[in-house]
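Shown next, in structure tokens, is the structure this report addresses.
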Ligand SMILES: Cc1cc2nc3c(=O)[nH]c(=O)nc-3n(C[C@H](O)[C@H](O)[C@H](O)COP(=O)(O)OP(=O)(O)OC[C@H]3O[C@@H](n4cnc5c(N)ncnc54)[C@H](O)[C@@H]3O)c2cc1C
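Numbering (UniProt numbering), first residue to last: 1 to 457.
As structure tokens, then:
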């Protein structure tokens, strides 16, 4: 008899993790607190409930990183993606689904699986014994949140995100922006030039403030308590407090000299900070916002140097429970301080239905392999799954860690392909071809031990 795997949370990640582990021949108990304990967003007691939009985003596996994640999940027999395709609705290139039929179908598949038992109960601590995956999502129950904080330290589990927009580095105009840390702080040249700076004249700053004040904003969902922390007020709220507030906050021009025009003192400066070890992504420092996406792109492109910027992700502030994964989790998604416990899904600091299910897929396979006496081969970094897990467990800057969706900025560059907008189609095709070949190889490497286990079960 092999050891039982306990999975807490039957959302996107927990459902996928249960499916993957059970198919590998491992007995799974899935603990879902609904309907006994409710969240403000879930409406049913189904597993795999989509809490808001009914879209899994782009299904294009050649030119889109989410579409590539879909492709990889399908190759791995992913329950969430297969079921989504079964209940697909017409939506152009997007994978939109009939949400009720989708969740009912996920629930039916898990209920019928001979290796899965489902219990409806809240788990409110991190057990010292047994093997566990916690996939409790952005609305992790209060009691469990407190138990996680007790284990990790209060500052390592956030209850709200504060996401600043992230720009692809190659789309920043370096004839306008320059590299410099404020007051050239830092021991090494790399640290002294860690930031990219975009200068503004007085007229540009005033026009920017007007655009911020006029932009359409999103509201918090019903049930989310609007809570801002002093350190992360939305920029438009700062602008509402006074037209000069930003110039004395994240846009202050002090300690910086424009390398292109050393004689001209900027009136305000927008700073961008590296967001990943690869140096392909930069976040706009202090620019968390509740502006609508369309408005954000229009407003941020008025910043000198960002006129042609492409955004890997736009900003937001949401109720969202997530770990500081780069410091807390090892490469196998285990809690460093309690390695019998894994985390998966949105609570690990990925963002979105697809990314959460993908992290469930990996955690389920990792835990199953461990129970069967194997170690899952390292997920290749140049796949969509690999790029994401690498980011959250090490590639991201731990100090400023915020949830991330999958995007090509997380991929290691391919040698010999043209940069910039013109080379984009070829580059993305290159990334997706490389990923598909590596993902297929990785799946092949696991066939032997999973089939042995399934025969024994
Ligand atoms: C209001 C809101 C709107 C969102 N809108 C979108 C959107 O439109 N598109 C998108 O892609 N993403 C959206 N998200 C993010 C979305 O929640 C995730 O993408 C996805 O659902 C995360 O999957 P998950 O499995 O990690 O968490 P979930 O799908 O939330 O699953 C977690 C499960 O764990 C259960 N649980 C929690 N605590 C416990 C416990 N202690 N014991 C037992 N069970 C527990 C919960 O009941 C839940 O079923 C939204 C999030 C919120 C909060």
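Here a beta-carbon is modelled for each residue, glycine too, at the ideal position from N, C-alpha and C. Only a predicted model underlies this, so the values are computations on that prediction, with no experimental measurement involved.
Residue range of the alpha helix (DSSP H) that residue 269 falls in?
Element bounds for residue 269: not the alpha helix (DSSP H) but the beta strand (DSSP E), 268–274.
Looking only at its own chain, which residues have a Cβ that is under 7 Å from the Cβ of residue 390, when we skip the five neighbours before and after it?
381
Should the segment 149–167 be regarded as contacting the segment 304–320, the criterion being three or more beta carbon pairs within less than 8 Å?
yes
If you count every other CB in all the chains shown that lies within 10 Å of the CB of residue 447, and 16 or more means buried, which is it?
exposed
Name the DSSP bridge partner or partners of residue 52?
Note: residue 52 sits in no beta bridge, so no partner.
Three-state class that DSSP yields for residue 372 in the structure shown
coil
Using the Cα positions of residue 423 and residue 221, report the straight-line distance between them to the nearest angstrom.
39 Å
When burial is assigned at 16 or more other CB atoms within 10 Å of the CB, is residue 290 buried or exposed?
buried
Using beta-carbon positions only, say whether residue 195 and residue 273 come within less than 8 Å of one another.
yes
Is residue 346 near ligand 1, in the sense that its beta carbon is under 7 Å from a heavy atom of that ligand?
yes
If we require 3 or more residues per run, which beta strand (DSSP E) segments fall completely within the segment 58–102?
94–97
Report yes if the C-beta distance between residue 369 and residue 302 is below 8 Å; otherwise report no.
no
Would residue 400 be called buried (16 or more neighbouring beta carbons within 10 Å of its own) or exposed?
exposed
Might you give, ordered along the chain, the residues of its own chain that have their beta carbon closer than 7 Å to the beta carbon of residue 412, omitting 5 neighbours on each side?
278, 381 and 382
What are the partner residues of residue 198, as DSSP defines its beta bridges?
270
Do the segment 298–313 and the segment 86–105 meet, that is, are 3 or more Cβ pairs less than 8 Å apart?
no
Please look up how many angstroms separate the CB atoms of residue 258 and residue 199, rounded, as I've assumed it's under 8 Å.
5 Å
Just to confirm, does residue 117 get its C-beta within under 7 Å of one of the non-hydrogen atoms of ligand 1?
no
Relative to ligand 1, is the shortest distance from any of its heavy atoms to the C-beta of residue 139 smaller than 7 Å?
yes
Collapsed DSSP secondary structure at residue 218 in the structure displayed
coil
Selected residue, minimal CA-CA separation from residue 312, among 248, 436 and 166
166
Within 10 angstroms of its Cβ, does residue 421 collect 16 or more other Cβ (buried), or is it exposed?
exposed
Length of the line joining the Cα atoms of residue 264 and residue 202:
12 Å
Have a look at 120, 205, 294 and 331 and flag the residue whose alpha-carbon is nearest the alpha-carbon of residue 251.
205
Please classify residue 247 as buried or exposed, where buried requires at least 16 other C-beta atoms within 10 Å of its C-beta.
buried
Sequence-distant residues of the same chain with beta carbon closer than 6 Å to residue 149, five excluded per side:
157
Report all residues from its chain with a CB closer than 6 Å to the CB of residue 183; omit the five preceding and five following residues, and keep chain order.
255
Could you tell me the distance, in whole angstroms, from the CA atom of residue 125 to the CA atom of residue 212?
43 Å
Assumed close pair residue 276, residue 396 - CB separation to whole angstroms, cut-off 8 Å:
6 Å
Runs of 3 residues minimum, wholly inside the segment 282–353: which ones carry the beta strand (DSSP E) assignment?
311–313, 319–323 and 338–343
Inter-residue spacing [alpha-carbon to alpha-carbon] between residue 176 and residue 332
42 Å
Let's test the definition: count the other Cβ atoms within 10 Å of the Cβ of residue 398 and tell me whether it reaches 16, buried, or not, exposed.
exposed
Limits of the unbroken beta strand (DSSP E) element including residue 117
116–119
Collapsed DSSP secondary structure at residue 157 in the structure displayed:
strand
In chain order, which alpha helix (DSSP H) runs of at least 4 residues are fully inside the segment 372–411?
384–390
When DSSP labels each residue in this structure, what does residue 167 get in the three-state scheme?
strand
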